[in-house]
């Protein structure tokens, strides 16, 4: 499949030129004879995507640390988020107790 033609401007005289979208190389302007380099459209798209990706800041992911607590009834160990201060139910004996 042939790439769609793209339009580019001559850097010297601003004439609009249509070139094959998959062409990379030197182009000569028919009006002023200026020679300049163009990249294939696919390369330009990839470069634009890479620039867009580079501009996006990664989200800060907070990793919740867990602490180990012991059930006061059966001494089974439970792991709960360190910030959790509510009640928990022991999976071993069903005792409900405060994690904080």
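In the working numbering, the protein residues as written are 330 to 429. By construction, the Cβ of each residue, glycine as well, lies at the ideal position given by its N, Cα and C atoms. Note that this is a predicted model, so its numbers are computed, not measured.
Exercise. Since residue 410 sits in a beta bridge, which residues does DSSP pair it with?
Worked result: Taking the first residue of the chain shown as 1, we reach residue 410 at position 81. For residue 410, which the question treats as bridged, DSSP gives the partners 395.
Exercise. Looking at C-alpha atoms only, which residue of 404, 428, 357, 413 is the closest neighbour of residue 340?
Worked result: Taking the first residue of the chain shown as 1, we reach residue 340 at position 11. When only C-alpha atoms are compared, the closest one is 357.
Exercise. Excluding the five sequence neighbours on either side, which residues of its own chain have a C-beta within less than 8 Å of the C-beta of residue 429, listed in chain order?
Worked result: Position 100 of the chain shown, counted from the start, is the residue given in the question as residue 429. Cβ within range, chain order: 413, 414, 415.
Exercise. Using the C-alpha atoms, what's the distance from residue 392 back to residue 400?
Worked result: Within the chain shown, residue 400 is the residue found at index 71, counting from 1. Within the chain shown, residue 392 is the residue found at index 63, counting from 1. Taking the straight line joining both Cα atoms gives about 25 Å.
Exercise. Which two residues bound the contiguous beta strand (DSSP E) that contains residue 357?
Worked result: Residue 357 sits at position 28 when you count from the first residue of the chain shown. Looking at the DSSP string, the run of the beta strand (DSSP E) that includes residue 357 is 354–357.
Exercise. Among 349, 350, 351, 338, which one has its Cα closest to the Cα of residue 364?
Worked result: The residue given as residue 364 occupies position 35 in the chain shown. Of 349, 350, 351, 338, the residue nearest in Cα terms is 338.
For this session: From the DSSP output, in three-state form, read off residue 338 for me.
Result: What you label residue 338 is simply residue 9 of the chain shown in a count that begins at 1. Three-state result, residue 338: strand.
Exercise. Apart from the five residues on each side of it in sequence, which residues of its chain come closer than 6 Å, Cβ to Cβ, to residue 346?
Worked result: Translated into positions along the chain shown, residue 346 becomes position 17. Only 337 meet the Cβ criterion.
Problem set entry | Sequence-distant residues of its chain with Cβ nearer than 6 Å to residue 366 (five each side left out) | Locating residue 366 in the chain shown gives position 37, where the first residue counts as 1. Counting only Cβ-Cβ distances below 6 Å, and skipping sequence neighbours, we find 355.
Exercise. Residues in its own chain within less than 7 Å of residue 352 by CB, not counting five upstream and five downstream?
Worked result: Looking up residue 352 in the chain shown gives position 23. Contacts found: 367, 369.
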